[in-house]
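Everything in the sequence shown is counted per the working numbering, starting at 1057 for the first residue and increasing by one. Ideal Cβ placement from N, Cα and C applies to all residues, glycine included.
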Amino acid sequence: MHYGLKPDKHLRLHCPFHDDKTPSLQVYYKTQTCYCFSSNCKTHGKSLDVIDFVMHKDGISKREAILKCKELIGGSTSAVAAVPVSRSGILNYMFTYFKNAIHNSKPAQAYLQSRGLDITRLEVGYNTAQFHHGARRDEQLISACVSVGLLSAWGSNTREGIQAYKPFGKYCIVFALRDREGSISGMYFRSTVNDSDQRHYYLKDRKGLYPGYPKGDITRLILTESVIDAATLLQHHEIGKAYGILACYGTNGLTAEHEAAIVSLGQLQEIIFAFDGDEAGRKAVEKYSALLKNRLPYVLMSSIVLPDGEGINSIGVSHTAEVFTELLQSRTALFFSTEVSAGKTNLSSPESTAVVSAGALLDSRNPYKLIYVGAGGNYYVQGGLSKQLDSMKITLVIEHKESGHKSRNKIDLYEDKQVERLCREAGEKLGVRKDVLEQDLYQLTDLLDQYREAEQGKGESTPAEGVAVYTLSESERNTAVRFLRQEGLLQVLNVLLGETGIVGEEQNRLFLLLVALSYKMPAPLHALIQGSSGSGKTRLLKQVSDCIPPEKVTRLTRVSDKVLYNYPERYFINRLLCLEDIDGLSEEAEFAFRELQSNGELNSATSIKLDNGQITSGQKTVKGPIASLACTTRGELYEDNMSRVFLIAVDESGDQTRRIIGYQNRKAAGEIDTGREQERKGFIRNLVRSLEPLEVVNPYAGRLQLPEDAHKIRRLHDLFLNFVKMVTLLHQYQRRRDSKGRLIAELSDVESAISIMFDSIVLKVDELDGSLRQFYEQLKQYIGARGRDYEFSRFEVRDATGVGKTQQHHYINKLVELCYVRQYGHANRGYKYRIGHWDNYSRLRERIKTHLGDQLSALVTEHQRTPDRTPELPVVAEGG
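The structure is reproduced here in structure tokens:
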């Protein structure tokens, strides 16, 4: 390690003591020596230990080499026999020995070859159980191995008076189990000889996972039944690239450590079980899928279906690598299984649909591939069923049970003539009696009828049905409530938001979270994030919306003209709608979005096709209310859009740019723990789930006036009052309630609301939008240093502000239009500019702050003078 030399898989390296084109220096880890086989080497014929190697490599005396080795190992007096003392260090030391031993063991290599395992692609070792023997018995090594369980004292002393030891895992191949940091914390041993006896061994105090803890950013995780199954999949690069892989330790071997590692995966979307195709494997899948579904209700559960008696490893030995791709592509979803007993169906999930009729079962695990096993063959309904009740047009595949030959057809099962013709033709093709096929299809038709009725009974399907509703455990709720009860809640919540990966934007991120949280309320809030292209507004929206429970969030990149009218009626009720770029909306889509914000409902007259196939006129309704977050690069929008929302300008300052670049550098260097960021987002989601949508009353309403020159003051005042309610709602476990159970806002809630939304109030008063104001302030600062009458060009401004050509063109033209900047000269000679209006933005902010501050001070003074009069409402409880 010190010299940066790494042996190849045969434990050879290029000799550093001569010009070596072919590796000729053999390393022997067992004896801690090396030997160069080249006759051109000055060390040829000498077996070098560690001290000799350092002496020749550095050209120093033996005494100097000993001192250097002592320094390298931290002062130990023995450079050769330095055995680590920590458990992890000992296990790493011994696993290196085991890995080296496998290259010299033909039985181990033969066993691995029989299991289809390639030692050049895997980290695997072999325990010959000889490491504690030898002429130079190393008591330090023996003591270390005893401490971790690799050796145990056995029998009486030998005739020479030396203690005998029994090795653990003799003649076993060895796999390393690793902890969260990637260090070896345990080992798994698989016997190569005792197939009829016990075959699996784990070190005492079993810890660690194989091949290690899954990466925090994986979205799909394969759980195998055994370590060797996991090793089989690890050899295939494409699978390891697309999926995380984690080995269980048998059908009863999903440990608490496994569970904790899986639950901590913040981006996990699917868990795929790859257990053996036997009764024990199927029961284990049923058991552990239910366990993990309870912990991770949003994560899909699926299973690879293997032939009876087969496992991942046995399949890998007898097939090419492509078989695993096919098995993964054809995996089946779980939580649909049914148990048929006495003609009844026991559903394991409320989302499942299974139909039993006269003892026959329709397998609806995949709604787009319904399966029925009849007397004459296997029947597959591809593509699902139409909802129209006047026909049953399907794509039907009939498979011969023995030969596997198939007949593929499109048919309307309600047409007897079509059914009769199909049975005749398919029967001739597959060699099945026509009357048997007819009986099967009549039975299938009855099953499909019942299935369709059951599906319609579930109610209207919505795009949100793929996301389950998460139920907080008692422990999670108690933890969330304790957090929500603490003092300085807004400050600690803001710090928590920063730990989710939101860089800077301290005021904006808290503001946006409270706006997003309002989806729970009858009168939700809306925010529009303004910023130039590439300023980070979309990322800010995404990061904040990630902190809201995903079952209540719809995030869209593009919205077509009529799409909002076509959502299911109740889909948007109390939901957060995020539009990543509102600039791309057409006038029709903007209108629909605006109406959903204000009225909380969309109504349109349209043509409706009834279930019986008839077409009639009707009314299509989409109900809200919604909270919304949207992004724009435009400074001005349609006035009706602007008045309905809080305006938020992203920070485009140089300091913020440096903070973002610093974060990107730390993340690229691996210094940012993305798993921890996901944990913080998950915790904030639990905080949101713990808040009840309680009614809030504000005793101070009407006693504080916003600046009269604010844009659309009527709507802004209403937004302000609703925002105060959101601050109070966040503090619901700290606020008193009146006799009707309503939360009572405190003066501190009003103060916090003003502090958080102050910049948005200023934007409502300011004639310039957020990003344009930031540009203009930069421009004034640059020109002010050169004199108020200083004449400048666009090129000069571009260099001074760092704003791109297109964005600067937009800013300058807008400032000229508003008479803040005057334009001189001619286009063919190049325009010159001067500042035309030196407004005082700082004074504007100070005026608004003073206006609100004076009113707050008066309220505080009044409250201190007559504390018993505020609030003037009957209070019944504290703490929520």
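Excluding the 5 residues preceding and the 5 following Gly1268 in the sequence, name in chain order all residues of the same chain whose CB lies nearer than 7 Å to its CB.
Same-chain partners within the cutoff: Arg1234, Gly1238.
Just how far apart, CA to CA, sit Leu1067 and Tyr1344?
Each residue's alpha carbon lies about 42 Å from the other.
By DSSP's criteria, Met1243 is part of a beta bridge. Which residues make up the other side?
DSSP output for Met1243 lists Ala1232 as bridge partner(s).
Taking the beta carbon of Val1551 as the centre, do at least 16 other beta carbons fall within 10 Å, making it buried, or is it exposed?
Result: exposed.
Shortest alpha-carbon distance to Cys1875 belongs to which of Ala1482, Tyr1832, Leu1612, Asn1308?
The option with the nearest alpha carbon to Cys1875 is Tyr1832.
Sort out for me which residues DSSP pairs Thr1688 with in a bridge.
Bridge partners of Thr1688: Gln1586.
Could you check what DSSP says for Leu1277 in three-state terms: helix, strand or coil?
Residue state, collapsed to three classes: strand.
For Arg1714, name the three-state secondary structure that DSSP assigns.
Three-state DSSP puts Arg1714 in a helix.
Answer with buried or exposed for Lys1466, where buried requires no fewer than 16 other C-beta atoms within 10 angstroms of its C-beta.
Under this definition Lys1466 is an exposed residue.
Since Met1357 sits in a beta bridge, which residues does DSSP pair it with?
In the DSSP output, where bridge partners are listed per residue, Met1357 has Ile1327.
Ends of the beta strand (DSSP E) at Asp1639?
First-last for Asp1639: undefined, no H or E at that position.
Apart from the five residues just before and just after Lys1226, which ones in its own chain have a Cβ nearer than 6 Å to its Cβ?
Within the same chain, Lys1226 has close Cβ partners Ala1185.
Thinking just about the alpha-carbon of each residue, which of Pro1079, Phe1073, Asp1075, Tyr1428 is nearest to the one in Pro1063?
Residue Pro1079 is the option with its Cα nearest to Pro1063.
May I ask which residues mark the beginning and end of the alpha helix (DSSP H) holding His1256?
Counting along the chain, His1256 falls outside any alpha helix (DSSP H), though it belongs to the beta strand (DSSP E) covering 1256-1258.
Let's test the definition: count the other Cβ atoms within 10 Å of the Cβ of Asn1884 and tell me whether it reaches 16, buried, or not, exposed.
Asn1884 comes out exposed.
So, are the CB atoms of Leu1426 and Ala1389 less than 8 Å apart?
In this structure, Ala1389 does not lie closer than 8 Å to Leu1426 by Cβ.
Looking at the strands, I want to know which residues DSSP matches up with Gly1181.
Its beta-bridge partners are Val1230.
Quick one, are the C-beta atoms of Glu1366 and Asp1332 less than 8 Å apart?
Yes, these two residues count as a Cβ contact at 8 Å.
Going by Cα to Cα distance, which pick from Thr1662, Gly1430, Ala1809 is closest to Gln1563?
Nearest C-alpha to Gln1563: Ala1809.
Looking only at C-alpha atoms, which of Asn1156, Met1111, Ile1328, Ile1198 sits nearest to Leu1178?
The option with the nearest alpha carbon to Leu1178 is Asn1156.
What are the start and end residues of the alpha helix (DSSP H) that includes Tyr1867?
Element bounds for Tyr1867: 1861-1873.
Buried or exposed for Phe1851, going by 16 or more other Cβ atoms inside 10 Å?
Phe1851 comes out exposed.
Along the chain, where does the alpha helix (DSSP H) containing Cys1125 start, and where does it finish?
Run containing Cys1125: 1118-1128, per the alpha helix (DSSP H) assignment.
Under a Cβ-count criterion, where at least 16 other Cβ atoms within 10 Å of its own Cβ denotes burial, should Gly1909 be classed as buried or exposed?
Exposed.
In terms of residue numbering, what span does the alpha helix (DSSP H) encompassing Asn1350 cover?
First-last of the alpha helix (DSSP H) with Asn1350: 1335-1351.
What are the boundary residues of the beta strand (DSSP E) that includes Ala1705?
1702-1705 is the extent of the beta strand (DSSP E) around Ala1705.
What does the alpha-carbon distance come out to for the pair Gln1734 and Tyr1526?
Taking the straight line joining both Cα atoms gives about 17 Å.
Around the Cβ of Pro1363, are there at least 16 other Cβ atoms within 10 angstroms (buried) or fewer (exposed)?
With fewer than 16 other Cβ atoms within 10 Å, it is exposed.
Does the pairing of the region 1639-1657 with the region 1597-1607 give three or more beta-carbon distances under 8 Å?
No, the region 1639-1657 is not in contact with the region 1597-1607.
Rounded C-beta distance between Pro1140 and Tyr1149? I'm assuming under 8 Å.
The pair is a contact, with the Cβ atoms about 5 Å apart (cut-off 8 Å).
Our contact map puts Val1872 next to Gln1864 with C-beta atoms below 8 Å; I'd like the distance itself, whole angstroms only.
Contact doesn't hold; Cβ gap of about 12 Å is too wide.
Give every residue of the same chain whose Cβ lies closer than 7 Å to the Cβ of Gly1483, excluding the five residues on either side of it in the sequence, and list them in chain order.
Once the five neighbours on either side are set aside, the close Cβ partners of Gly1483 are Arg1489, Lys1490, Leu1493.
Could you give the C-beta distance for Arg1171 and Val1373, rounded to a whole number, given that I count them as a contact under 8 Å?
The pair is a contact, with the Cβ atoms about 7 Å apart (cut-off 8 Å).
Is the region 1673-1684 touching the region 1563-1580, taking contact as three or more C-beta pairs under 8 Å?
Result yes; three or more Cβ-Cβ pairs closer than 8 Å.
How far does the alpha helix (DSSP H) with Asn1434 in it extend, from its first residue to its last?
Segment 1434-1438 is the beta strand (DSSP E) holding Asn1434; no alpha helix (DSSP H) there.
Report all residues from its chain with a CB closer than 8 Å to the CB of Ser1663; omit the five preceding and five following residues, and keep chain order.
Here the set comprises Ile1671, Thr1672, Ser1673, Gly1674.
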